[in-house]
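**Student:** Note that the working numbering has the sequence shown beginning at 4, numbered continuously upward.
Backbone N, C-alpha and C fix where the C-beta goes; we use that ideal spot for every residue, glycine too.
Since the structure is predicted, the reported quantities are computational estimates derived from the model, not experimental observations.
Take a look at the following structure, please.
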Amino acid sequence: MRVLNWLLLLFTAMLAACGGGGDTAAPDIPVVGVNEFRRAVAGHRVVEVAVPGADGTRLATYVYLPAQGNGPFPTLVMRTPYDLPITPVSGFPEEHANAEIEARAEDVGWSEATDRGYALVVQVVRGRLKSDGVFSLFLGDEVGDGEALIRWVERQPWSNGRIGIFGDSASGVASLQAAASGRSSIKAVYAQATSPDFVGGVIFPEGRIKWEALLPFVLSQAADNGKDHDARLGLPAAQVAALKDQAGEALQEMFGAVEAGDPSQSSWWTRAITPDFPIASQLYPRWADLLAAGRNPSARAALDVTDRIRAPVLHVSMWHDFFQASAFNAFGRLQAARGDQKLIVLDGTHYDIDDPELWPTKPMFAWFDHWLKGEANGANAWPTVQYVLAGQPEGPLRSSSMWPPAGTASMALALSAPQRALAIDPAAPVPTLGGSHLTVGSGMEDQSPLLERADVVELRGGALSAAALILGTAEVELAVLEAGTGDIVVKLVDRRPDGEVRLLRETVVAQAGSGTLRVSFAPLAYRFEAGSAPGLVVAGASLPAYRSDLQTLAGTVRLGGATLRLPMAAE
């Protein structure tokens, strides 16, 4: 299984290259002159600096300058929890995979940036690798540390004080929290497959736990926690090392069960999610704080930094990325407040975004060239929204002045009640099959294999007489005739003429007894073929994708019919 292999290889590599720490007493860092940089193999210049965070904690920071000139240069900044070299974004290939780049990881940098005349600053967040302190699991420290870094860059003679923030995935989370400092020197932001609302919008959506993302992330990242982080755990070094080994073994067991088709075979997926959860609580002092924040609506809202960003942002997302819904939310809020946001949506899953072949254009440097260098390249006049349809990765790239595009109209479709009730056994939960996830199989998977289960039913509508384009948010009103209290999984599907039941969207909603269940799905652009039948699949669970603190829904659930409302658009 590709994701399992990736996680295990990543964990093994991290364990082998576990980084250092250092003295936590951080004096004020002086200005770093150009003469302090050394020449890297690829021609650019590099220096490693311990830059104080908000509270003086020393954070490993790497600065890369163009091969020639003393600047000052416009400056691109990324903050990351990951090891170096950084993974290029915006459709560029990984340079450090090239045979001609033979350098220390810290020296590689990103020549696409420095060759274009940018200084590049990469800082490792606290508690990771060579950075001191305790890794906060994105619980707010990144905002203050990010602002401290931006203030430091503003003082440097090689920077002209025009700063761009960029990042993707977890690096994007940390970088967007730096952007939330609101410093006037931040002229533009590039946010790829990420979100400024990580805790509430991604890991704890509506208070539920995106378990397939959270648990593998904390277990797989344990090996790269810094020496200072580990020293602060108060455990013997041998015990810390043993816990990291156990984390790797747990990952192998977890994804072995996923690959076997029954995640519940691994107790790691099913055990109670508590403040003293094994391994996670022992290796991450902020684990209990993260759970408490995710389960508290006020705390989740306080950690959402979206409205604190004061710069134009180019948001790039994927239709089946687990950040997608939150990224759309951030774009919509910032566009309403500022009017200078752009959104590009490609087709694929979280890791597909690293495929250079997927990109019809490579927009990041044009974006920064306009906002940081003042080039009249028209980036500010790009269409507000550019997107391909889900299921059509090769385009064409469409455009709109807003999302959803103007001219959509809701079309109501009646769906017949399922022919039987759901019989839900909490001891045998429905496995996740497709959707928008981080570590388990994502995308528009055929749901037909699940329809033979007693705890999965389908609500069908009539076949379409002509192709239908939907652009926006589909909604459902579902009649529940009999049910207990707990979560239920509702999926928007396309029953295609060849019999495939293609998953388009999946969401988890709380059900309490009989009544009308109202569901809104994440935004989507998709074309139903003539002869296809839009409908629903309802399941008793989606493990390991989602967990909840609600009582597990069990027993009989009887559903009536449903009204499906699709945002229809003209071709």
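Select from S517, P500, F531, D490 the residue whose C-alpha is nearest the C-alpha of V511.
**Tutor:** For V511, the nearest C-alpha among the options comes from D490.
**Student:** What is the DSSP secondary structure of L569, reduced to helix, strand or coil?
**Tutor:** Of the three classes helix, strand and coil, the one that applies to L569 here is strand, per DSSP.
**Student:** Determine which residues share a DSSP beta bridge with T559 and list them.
**Tutor:** Per DSSP, A426.
**Student:** Going along the chain, which unbroken runs of the alpha helix (DSSP H) with 4 or more residues stay wholly within the region 46–132?
**Tutor:** Listed in chain order, the complete alpha helix (DSSP H) runs (minimum 4 residues) inside the region 46–132 are 108–111, 114–117.
**Student:** Can you find the residues in the same chain that come closer than 6 Å, C-beta to C-beta, to R568, ignoring five residues on each side of it along the sequence?
**Tutor:** Excluding positions up to five away in sequence, the list reads S413, A415, E478.
**Student:** If you check the beta carbons only, do V213 and V221 fall under 8 Å apart?
**Tutor:** According to the sequence shown, residue 213 is Lys rather than Val. Result no, Cβ atoms of K213 and V221 do not sit closer than 8 Å.
**Student:** If you draw a straight line from the C-alpha of D324 to the C-alpha of A245, how long is it?
**Tutor:** Approximately 33 Å between the Cα atoms of the pair.
**Student:** Below 8 Å, can you find three or more Cβ-Cβ pairs linking the region 437–453 to the region 468–482?
**Tutor:** Contact fails: fewer than three Cβ-Cβ distances are below 8 Å.
**Student:** Kindly list the residues whose CB is nearer than 7 Å to the CB of F40, restricted to its own chain and excluding five residues on each side of it in sequence; keep chain order.
**Tutor:** R48, V49, V50, L68, listed in sequence order.
**Student:** Can you list, in chain order, the residues of its chain with a C-beta nearer than 7 Å to that of W370? Leave out the 5 residues immediately preceding and following it.
**Tutor:** Counting only Cβ-Cβ distances below 7 Å, and skipping sequence neighbours, we find A191, Y193, L317, A382.
**Student:** Tell me whether the beta-carbon of T309 lies closer than 8 Å to the beta-carbon of D200.
**Tutor:** In this structure, D200 lies closer than 8 Å to T309 by Cβ.
**Student:** With a CB to CB cut of under 6 Å and the five nearest residues on each side skipped, what residues in its chain are close to P500?
**Tutor:** Around P500: G534.
**Student:** Near N73, what residues of its chain come up, given a Cβ to Cβ distance below 6 Å and the 5 sequence neighbours on each side ignored?
**Tutor:** If we look at N73 and ignore the five residues flanking it on each side, its Cβ neighbours are V37.
**Student:** G264 to V459, Cα distance in whole Å?
**Tutor:** One C-alpha to the other measures close to 16 Å.
**Student:** Using alpha carbons as the reference points, say which of D171, G558, A536, P537 lies closest to A544.
**Tutor:** Comparing Cα-Cα distances from A544 to each of D171, G558, A536, P537, the minimum goes to G558.
**Student:** Kindly give me the distance between the Cβ atoms of L507 and Y529, rounded to whole angstroms, as I take these residues to be in contact under 8 Å.
**Tutor:** Rounded, the Cβ-Cβ distance is 6 Å, consistent with contact.
**Student:** Would you say V127 and T83 are within 8 Å of each other, going by their C-beta atoms?
**Tutor:** Against a cut-off of 8 Å, the Cβ pair of T83 and V127 comes out as a contact.
**Student:** Does the Cβ of A328 have 16 or more other Cβ atoms within 10 Å, making it buried, or fewer, making it exposed?
**Tutor:** It counts as buried.
**Student:** Considering only the alpha carbon of each residue, which of T352, F258, K133, D227 lies closest to Y65?
**Tutor:** For Y65, the nearest C-alpha among the options comes from K133.
**Student:** Using only alpha-carbon positions, find the residue among R119, G56, G251 that is nearest to Q71.
**Tutor:** Selected option, being the one with the closest Cα: R119.
**Student:** Hey, does R508 have any beta-carbon neighbour from chain D nearer than 8 Å?
**Tutor:** Looking at the structure shown, chain D is missing, and only one protein chain is on hand.
**Student:** State the DSSP-derived secondary structure class of R401, mapped to helix, strand or coil.
**Tutor:** R401: strand per DSSP, three-state reduction.
**Student:** Per DSSP, which residues does M321 bridge with? Please list them.
**Tutor:** M321 pairs with L349.
**Student:** For L361, which residues in the same chain have their Cβ closer than 8 Å to its Cβ, ignoring the five residues on either side in sequence?
**Tutor:** Same-chain partners within the cutoff: G94, L349, D350, G351, D355, P396.
**Student:** On the criterion of 16 or more Cβ atoms from any shown chain inside 10 Å, does T519 qualify as buried, or is it exposed?
**Tutor:** So T519 counts as exposed.
**Student:** Among P75, E115, F76, whose alpha-carbon lies nearest the alpha-carbon of I89?
**Tutor:** When only C-alpha atoms are compared, the closest one is E115.
**Student:** Return the bridge partner residues of D193 from the DSSP annotation.
**Tutor:** According to the sequence provided, residue 193 is Tyr. The question's Asp does not apply to it. For Y193, which the question treats as bridged, DSSP gives the partners F169, L317.
**Student:** For the structure I just gave you, are there three or more beta carbon pairs, one from the region 294–301 and one from the region 168–179, closer than 8 Å?
**Tutor:** Touching, no.
**Student:** By a C-beta neighbour count over all protein chains shown, 10 Å radius and 16 as the cutoff for buried, is V202 buried or exposed?
**Tutor:** Result: buried.
**Student:** Would you decide whether R158 is buried or exposed? Buried here means 16 or more other CB atoms lie within 10 Å of its CB.
**Tutor:** Counting Cβ neighbours within 10 Å, R158 comes out exposed, since fewer than 16 surround it.
**Student:** Between the Cα of Q268 and those of R456, F138, A431, V541, spot the shortest distance and give me the residue it belongs to.
**Tutor:** Q268 has its Cα closest to that of A431, out of R456, F138, A431, V541.
**Student:** Report the three-state DSSP secondary structure of S451 (helix, strand or coil).
**Tutor:** Helix, per DSSP.
**Student:** My understanding is that Q514 touches L556, with C-beta atoms under 8 Å, so please give their C-beta distance in whole angstroms.
**Tutor:** Going by Cβ atoms, the distance from Q514 to L556 rounds to 7 Å, so yes, they are a contact pair.
**Student:** Taking 8 Å as the limit between beta carbons, can you name the residues of its chain near A43, skipping five residues before and five after?
**Tutor:** Contacts found: V49, Y67, A106, D110, V111, G112.
**Student:** Check the DSSP bridge columns for T519 and list the partner residues they point to.
**Tutor:** According to DSSP, which records beta bridges pairwise, T519 is partnered with A482.
**Student:** So the alpha helix (DSSP H) G489 belongs to, where does it begin and stop?
**Tutor:** Here G489 belongs to no alpha helix (DSSP H); instead the beta strand (DSSP E) covers 488–498.
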